[in-house]
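So the sequence shown is numbered by my numbering: it starts at 1463 and just counts up by one. Glycine included, every Cβ here is placed at the ideal spot set by N, Cα and C. All of these numbers come straight from a predicted model, not from anything done at the bench.
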Amino acid sequence: MEMPLNTKGIAVCLLPFVLSLAAAAIEIPLSVQQLPTITEQSTSEVAFPFDEEFTIKCEAKGNPQPTFNWTKDGKPFDLLGDSRIITTKNSGTFVIKNRGNVSIFQGKYYCYASNELGTTVSEEIELVVPGIPKFPKEKKDPIKVDHGDKMILHCNPPKGIPPLHMYWMNIDLQHIPQDERVSMSLEGDLYFANVEANDSRSDYCCFAAFPRLRTIAQKMPMTLTVTRSNDSSSPSASADKANVFKERKPKLLIPPESNGHSSVVTVMKGNDLFLECIAEGLPTPHLHWRSIEKGNVGRGRAENYGKILKIEQVTTEDKGLYECVARNTLGETKHEFQVHVEEPPTWIKKPESKAYGIGDSLVLLCEAVGNPEPTIKWKLNGVPIPDESKFSRGVFSPREISVNNLQLQDSAVYQCEASNKHGTILATANVDVLNIRPEMLTPDGEEYVAVAGHPSYMHCLFFAIPLPDFTWNKEDSTSRLDNVHINGTLEIRETRKEDAGSYSCWVTNSAGRSAITATLTVRDATKISIVPKNPQVLKGRSVLLKCHSQCDPHLKHHFKISWRKDGEELGKNNTEDGRIIIEMDTLFIPNVELEDEGVYTCIGSTSLDSSTDDSQLIVLYVPDPPENLHLSEKQERSVRLSWNAGGNNNSPVNESIVEFEENQWEPRKWQELIRVPGNETTVVLPLAPYINYQFRVVSVNAIGRSQPSEPSERYETPPAAPDKNPENIRVEASEPHELIVIWEPLKPMEQNGPGLEYKVNWKQQDIAEWEEETVKKNFFTLKNTPTFVPYDIKVQAMNNFGYGPEPENVTGYSSEDIPEAAPSNVLVHAINSTLAKAVWSTIPKDRVRGHLRGYKVSWWKIRNRLDGKSHHPEKHSLTFNADRNDGMIPGLEPFSEYHLTVLAFNSKGAGPESAVSVFQTPEGVPEKPHFLKIVNFDKDSVTLSWGRPKKPNGIVTGYVLQYQIINETDDIGPLQEVNITNPSSFSVRLSNLSISTKYKFYLRACTLQGCGKPITEEGVTITEGGKAVGKNSEALKPTSKTQPLEVLEPGTAYTVRLVTKNWVDNNSISADVIETRGRAYAGIYERISTQGWFIGLMGAIALLTLLLLTVCFVKRNKGGKYSVKEKEDLHPDPEGQSIKDEIFGEYSDSDEKPLKGSLRSLNMDIKTAESADSLVDYGEGDHRMFSEDGSFIGAYTGCKEKASVESIGSSTATFPLHA
């Protein structure tokens, strides 16, 4: 694309304009001598009386300037002969002022434009001066007519400028009613096929309206009187009698029958054809039209109650024979119309103006067609050429004029006129014979700016006769450039940067030579791209289109961006609600709607070029609802449903869901019936009897579900017998000697008909005869049944239309009673100190009196064998499945005596207990000593003190003390052991220890069954002259917030640490230094304890301790459930370790983790043996008595005595003392 630059601005030159110049005839510039040419003229004018003036136009061009002359009605017309005529210099147009009596100007005018080269004549101009149309003033005598006779009221409208509209109205300007009997003809007359009494009136007025004259003329009112015969006293009877005598077959009034039964109608092609038939007769005739050749009237349309046949814009195909038929009960009459279609002259070939060179040949053709065939006449410079004329250098005929070897003096105006009775057409050809040097029409020195990559055009428009040669050169190059159009324009099809520069155009003919120069500048092309490309966006989401652009720096000041959607311009915030937000290079739609879908175009424009890029926005949404639901193939149990799928909104329909609603059981509730693939729009629906269905369809795509379709018509299926029987039949017996049969009732959609009932059949299994009863509810109660007897039961559905299928047999039992016998031969064997096994004999089946649910084992502690004290019995229980005759009794206390009973139970309840069995548990290993404290530390010796175990679990036979050297790096020394055989000894002194060395001490209590878990303590021997450093530890309950510290010396500093249970190094949760009070300083410490900082410090320590303990507790008890292993840790039973390994599998995870290397030194003695008894191994029974995971912890019916926290694990809280 290129543009010429000049001082007045920039003009855009486009390729279509260039090509049009090449195809058009060469127009002679006015600077060149030429014949006159009429450029504008009037055709026909009407001098309306209300206009102030009338203009007759005639304008022409030529060189020299033409002069003008007029003729009126074939005679010269002097424009200066009347003062009312105003003329203009160098123009043939004149104006007539309306000063009254302008009728003298009416006539047919011709305008002649002449110069020294020739004369041209205009087409005919007719000036019409109409008068004011008026009806003549006349007095009309009243018209009398007998009842039933025909009648015509003539209008005879005055002449005036068409169009003419006529009306028949009364004096109150109300239209006279018209119908088949009374109607107005095309000429305006009012025809009565037969008159009636109500046609009598004195104010029949005809109105003629001339819209162009703004005039309505009214005819004087006419009086019409309808008379009756006087031979009867009753007017109605007289009229009826008269009508009988006047009845007659139809007779045509238009065309009158006197003209014969056929007529010829001529119509101009393109005009409307009106054929009219009006008939009189009694009864009133009916009119019909037909084409004799075609049968029907084709494009014809009957009007005016069938009396007019109208064909609009007639063509030659409409010619032919048409017939109207007027018919009543007495006969008919006909008339034929022979329709001829004629047309005014139209050109086939006509002469055209052209410039010729000396020696050229001239050929002018003139050929026209019309009906009748037009005559053709020629004029030369406005003078008719006689038909017999001959040319010395050519040929003359009505259709052609030819002249050879043209000379300058042959320049003339030739005019061809074709005419027939329907009109005249005129064609003018200026023959200009010239011999001039090229005249440049494009200014010299044009500057063009083009865009790289686009075509560019540099113009070299000229006029020259004879036709010249033309060439283009670039700068100083003499080589000719190719691709030059016939009008001299140079085209560079794909402009490059190197095409910039200066160009010259040379035009040469025999009369001379001319040239112009032009400069071409090349700019970079504008580039546009939109991101994202063709986005897919969910309806309701937002989308942002970004238009990236690049343009030549010289054009950036004129650069602008605009947006279009589907080719339509988008202004800033174009939508009505401002949803589409446009800010320069961005287009943002915050809430995308379906109508936002389309192709968005970004246009980047400069003063030279433009570039576009498109992005199609695809809006995704749920499908449109299906439409046009239709039911077909209606059967008793099925119907075919078809529908038209709605739009998928750019996401294919995956499936269609057919829903139904019935108006009997759950009206207005829609339920899913069937699903079909998304590409199907018809399905056969399975139906149930006795349902009044209505259907709708929901389409589903990846976005979601459509709105439901409009419901279909209703379809009701006929009733039938049930297709199925009740399900889930069960037998219950809540009262003695009773049997209740319960079942799930049929759903409403399964009943298949009215009158639903259930037929129940039953019999004892040892009796062959069935009994029967019909019920309406979903249960049946049988009374007076023996205890726990099997019955065969059948339940069958039935309704008013029959029975369901044959039911299946169900076995049920009558009511139960509690077992009447207790288990026998109960034996208990103690497996270890905490676990025993009970064995019993099951009760006979005939004494269960029901379904045996299981056995319940109960036990309770009687006394402790160590001190002989009796205990309040706290019963514990476990239940076992009915197929068991043994069970494990867990959670027993060592060295104790127990009682145990066993009973059987069924659904009715528990039977009697067995005789009490007595058993004893053996000794177990003791718990750890109550405490271990370092009472005195010397430089090479230490004194230890301890407390007796709170639960010795037998007779304590002595203690085992072990110790070893430890340090902060976990390196340890060899383990030393001291056996204390005196069970009454509670302290010991160890000698020969290393000075200033840290030791760890382990103390365990022992019975005949072995030694229990150790309690530990740490301490450091003193240096020479130093003070003893010892370490004590005590176990805390997880919920404890305070703990008293015992055996502290007054006036001594201690470091207190809080550590976790499994602590194995010196890391602690919290630590603080405290000092015990001496008597002399008690008051000082009392004052300190009341200080705010001390209270705050203690509060912070307490809060932190509580928080950390809570975290540990929650972690240990996560989820509110304990694993079996964790629960076993709470109930250690070293004696049961061997039996556990044998029966339950091996579980070991000691709470005490010894220091690295100590396990080998202690010979595995420190590791705790634990019990791992689980409810799964002991019993099944009623799990409501146990925890969720099935373990037996806390699961006994009585309160189990729980071990204290102090007995769990090792007391690992330590108190390191600084030397």
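Checklist entry - Where do the ends of the beta strand (DSSP E) carrying D1665 lie? => result Position 203 of the sequence shown, counting from 1, holds the residue named residue 1665. Its beta strand (DSSP E) spans residues R1663 to F1672.
Next on the checklist: With three or more C-beta pairs closer than 8 Å as the rule, is the region 2255-2266 touching the region 2301-2313?
Outcome noted: no
Checklist entry - Apart from the five residues just before and just after A1741, which ones in its own chain have a Cβ nearer than 7 Å to its Cβ? => result Position 279 of the sequence shown, counting from 1, holds the residue named residue 1741. Closer than 7 Å at Cβ, skipping near neighbours: A1655, P1712, K1713, L1714, L1715, P1747, L1749, A1788 and T1795.
Next on the checklist: So, with DSSP's three-state summary, where would you put N1660?
Outcome noted: Within the sequence shown, residue 1660 is the residue found at index 198, counting from 1. Helix at N1660.
Checklist entry - Could you give the residue range of the beta strand (DSSP E) that holds K1959? => result The sequence position of residue 1959 within the sequence shown is 497, counting from 1. Segment: none, K1959 is in no beta strand (DSSP E) and carries neither H nor E.
Item to check | Cβ neighbour criterion (16 or more within 10 Å) applied to K2018 | outcome: Here residue 2018 corresponds to residue number 556 of the sequence shown, with the count starting at 1. K2018 is exposed by the Cβ-count criterion.
Checklist entry - How many Å lie between F2575 and G2561 at the Cα? => result What you label residue 2575 is simply residue 1113 of the sequence shown in a count that begins at 1. What you label residue 2561 is simply residue 1099 of the sequence shown in a count that begins at 1. Rounded to whole angstroms, F2575 to G2561 spans 21 Å at the Cα level.
Checklist entry - For D2058, which three-state DSSP category applies? => result As a position in the sequence shown, residue 2058 is number 596, starting the count at 1. Here D2058 sits in helix by DSSP.
Checklist entry - Does DSSP put C2710 in a helix, a strand or coil? => result Residue coverage of the chain in this structure runs from 1463 to 2681, which leaves residue 2710 outside it and unanswerable.
Item to check | Contained alpha helix (DSSP H) runs [length at least 4] in the region 1939-1992, N- to C-terminal order | outcome: none
Next on the checklist: Does K1447 pass the burial test, meaning 16 or more other C-beta atoms within 10 Å, or should it be called exposed?
Outcome noted: This structure cannot settle anything about residue 1447, because the visible part of the chain is limited to 1463 through 2681.
Checklist entry - Taking one C-beta from the region 2057-2068 and one from the region 2023-2036 each time, how about it: are there three or more such pairs within less than 8 Å? => result yes
Checklist entry - Just how far apart, CA to CA, sit D1634 and T1685? => result As a position in the sequence shown, residue 1634 is number 172, starting the count at 1. As a position in the sequence shown, residue 1685 is number 223, starting the count at 1. Each residue's Cα considered, the two are about 15 Å apart.
Item to check | Environment of Q2126 [buried if 16+ CB atoms lie within 10 Å] | outcome: Here residue 2126 is taken as the residue at index 664 of the sequence shown, counted from 1. Classification of Q2126: exposed, given that the 10 Å Cβ count is below 16.
Checklist entry - If you draw a straight line from the C-alpha of K2413 to the C-alpha of G2386, how long is it? => result Within the sequence shown, residue 2413 is the residue found at index 951, counting from 1. Within the sequence shown, residue 2386 is the residue found at index 924, counting from 1. Roughly 10 Å between the two C-alpha positions.
Item to check | Three-state secondary structure assigned by DSSP to E1507 | outcome: The residue given as residue 1507 occupies position 45 in the sequence shown. Strand at E1507.
Next on the checklist: Please state the DSSP three-state secondary structure of E1719.
Outcome noted: Here residue 1719 refers to the residue found at position 257 of the sequence shown. Helix, per DSSP.
Checklist entry - Within 10 angstroms of its Cβ, does D1603 collect 16 or more other Cβ (buried), or is it exposed? => result Here residue 1603 is taken as the residue at index 141 of the sequence shown, counted from 1. Under this definition D1603 is an exposed residue.
Next on the checklist: Let me check one thing: in DSSP terms, what residues is R1752 bridge-paired to?
Outcome noted: Residue mapping note: residue 1752 aligns to position 290 of the sequence shown, counting from 1. In the DSSP output, where bridge partners are listed per residue, R1752 has E1785.
Next on the checklist: What does the alpha-carbon distance come out to for the pair P1405 and P2411?
Outcome noted: Residue 1405 falls outside the range modelled here, since the chain spans only 1463 to 2681, and no answer is possible.
Checklist entry - Which of helix, strand or coil does DSSP assign to M2211? => result Here residue 2211 refers to the residue found at position 749 when the sequence shown is read from its first residue. Correct three-state label for M2211: helix.
Item to check | Own chain residues within Cβ distance below 8 Å of S1662, not counting five before or after | outcome: Locating residue 1662 in the sequence shown gives position 200, where the first residue counts as 1. So the qualifying residues of the chain are L1686, T1687 and V1688.
Next on the checklist: Distance check for G1562 and H1609, CA to CA, integer angstroms please.
Outcome noted: What you label residue 1609 is simply residue 147 of the sequence shown in a count that begins at 1. What you label residue 1562 is simply residue 100 of the sequence shown in a count that begins at 1. Roughly 52 Å separates the two Cα atoms.
Next on the checklist: Across the region 2107-2122 and the region 2077-2091, are there enough close Cβ pairs to call them in contact, namely three or more that are closer than 8 Å?
Outcome noted: yes
Checklist entry - Are the beta-carbon atoms belonging to Q2213 and Y2152 less than 8 Å from one another? => result Residue numbering aside, residue 2213 sits at position 751 when the sequence shown is read from its first letter. Residue numbering aside, residue 2152 sits at position 690 when the sequence shown is read from its first letter. Contact: yes.
Checklist entry - Are there 16 or more other CB atoms within 10 angstroms of the CB of N2261, so buried, or fewer, so exposed? => result As a position in the sequence shown, residue 2261 is number 799, starting the count at 1. Burial call: buried.
Checklist entry - Do you know how far the Cα of K1811 is from the Cα of V1831? => result As a first step, residue 1831 must be located in the sequence shown, where it is residue number 369. As a first step, residue 1811 must be located in the sequence shown, where it is residue number 349. Distance between the alpha carbons of V1831 and K1811 is about 10 Å.
Checklist entry - What does S2332 pair with, by DSSP beta-bridge criteria? => result Reading the sequence shown from its first residue, position 870 is the one you call residue 2332. Per DSSP, R2325.
Checklist entry - Going by beta carbon distance, what residues of the same chain come within less than 7 Å of D1961, once the five residues before and after it are set aside? => result Position 499 of the sequence shown, counting from 1, holds the residue named residue 1961. Once the five neighbours on either side are set aside, the close Cβ partners of D1961 are I1954, L1982 and V1984.
Checklist entry - So, are the CB atoms of N2343 and G2316 less than 8 Å apart? => result The residue labelled residue 2343 in the question sits at position 881 within the sequence shown. The residue labelled residue 2316 in the question sits at position 854 within the sequence shown. Cβ distance < 8 Å, so N2343 and G2316 count as in contact.
Item to check | Rounded Cβ spacing between T1890 and T1582 (contact assumed at less than 8 Å) | outcome: Counting from one through the sequence shown, the residue named residue 1890 turns up at place 428. Counting from one through the sequence shown, the residue named residue 1582 turns up at place 120. Their Cβ separation, rounded to whole angstroms, is 6 Å, which keeps T1890 and T1582 in contact under 8 Å.
Checklist entry - Between T1501 and K1523, which are expected to be in contact by the criterion C-beta below 8 Å, what is the C-beta distance as a whole number of angstroms? => result As a first step, residue 1501 is located in the sequence shown; it is residue number 39 there, counting from the start. As a first step, residue 1523 is located in the sequence shown; it is residue number 61 there, counting from the start. About 6 Å separates the two Cβ atoms, so the contact holds.
Next on the checklist: Please identify the residue among K1596, E1765 and N1525 whose C-alpha is closest to the C-alpha of M1682.
Outcome noted: Indexing the sequence shown from 1 puts residue 1682 at position 220. For M1682, the nearest C-alpha among the options comes from K1596.
Next on the checklist: Tell me whether the region 2230-2242 and the region 2148-2168 touch, counting them as touching only if at least three CB pairs, one residue from each stretch, are closer than 8 Å.
Outcome noted: no
Next on the checklist: According to DSSP, simplified to helix, strand and coil, what is G1856?
Outcome noted: Residue 1856 sits at position 394 when you count from the first residue of the sequence shown. Here G1856 sits in strand by DSSP.
Item to check | Buried or exposed by the 16-neighbour rule on C-beta atoms within 10 Å, applied to P1624 | outcome: Counting from 1 along the sequence shown, the entry for residue 1624 is found at position 162. P1624 is exposed by the Cβ-count criterion.
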